[in-house]
Amino acid sequence: MVAAEQQVRDDAAAARPEFTAFLDGFRHRTVLVPLDDQGGIWSAELGGIRWILAFSDVKSLARFAKKGSDAEIGIRQPATSEEEGKQGWEYRKVQGWRLLDSVIPAAGRPCGVALDAGSAGGKVLPPVAGIVPDRATLDAYATGVANRRT
Numbered sequence: 166m167v168a169a170e171q172q173v174r175d176d177a178a179a180a181r182p183e184f185t186a187f188l189d190g191f192r193h194r195t196v197l198v199p200l201d202d203q204g205g206i207w208s209a210e211l212g213g214i215r216w217i218l219a220f221s222d223v224k225s226l227a228r229f230a231k232k233g234s235d236a237e238i239g240i241r242q243p244a245t246s247e248e249e250g251k252q253g254w255e256y257r258k259v260q261g262w263r264l265l266d267s268v269i270p271a272a273g274r275p276c277g278v279a280l281d282a283g284s285a286g287g288k289v290l291p292p293v294a295g296i297v298p299d300r301a302t303l304d305a306y307a308t309g310v311a312n313r314r315t
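Per my numbering, the sequence shown starts with residue 166, numbered consecutively.
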């Protein structure tokens, strides 16, 4: 058992620089965030966490839209628009840092980002320290100090 625990620790330590580079890249990139039928950010609930769905590009969003068109995800269905006879989801371009540092703390509940959901390369950015502001982490909500300004 000790050898297995050590392997998990070693794997986590090896993955840390790779994740840090991914997070830095995410913060500096523009992502596409689908809008719901009332113009708000479309999101999904899973495991007590609200997940903002964000996509790297239009192709990733379109793939997800095609796969998930019958899925019951989120509070409301995504908004659609008709353009040149094609149905597509309405979206907004948002900087990654803005999602993590502004939008998530304003949610008022545990909230993370699911990037390129439903794809093999999808990643999640959970509401934990080092990813979102301390006041918007799961721990902050669990201890009742969420979103307090210091």
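Cβ atoms here follow ideal geometry from the backbone N, Cα and C, with glycine treated the same way.
Closest residue to residue i among the options (Cα-Cα distance)
i: L280; options: G213, S208, E255; result: S208
i: E255; options: P182, D202, D266; result: D202
i: H193; options: G205, E210, S221; result: S221
i: I296; options: D266, E210, G309, G273; result: D266
i: A230; options: G205, L200, G212; result: L200
Buried versus exposed call for residue i [16 or more other C-beta atoms within 10 Å across all chains shown]
i: T302; result: buried
i: A285; result: exposed
i: L290; result: buried
i: A305; result: buried
i: L226; result: buried
i: E183; result: exposed
C-beta contact flag for residue i and residue j at 9 Å
i: G277; j: R215; result: yes
i: V198; j: K258; result: yes
i: A219; j: G261; result: yes
i: V310; j: L264; result: no
i: R228; j: G283; result: yes
i: G213; j: P275; result: yes
i: V268; j: I217; result: yes
Pick out the complete alpha helix (DSSP H) segments inside the region 257-310, 4 residues or longer, and give them in chain order.
-> Counting whole runs of 4 or more residues, the region 257-310 contains the alpha helix (DSSP H) stretches 303-308.
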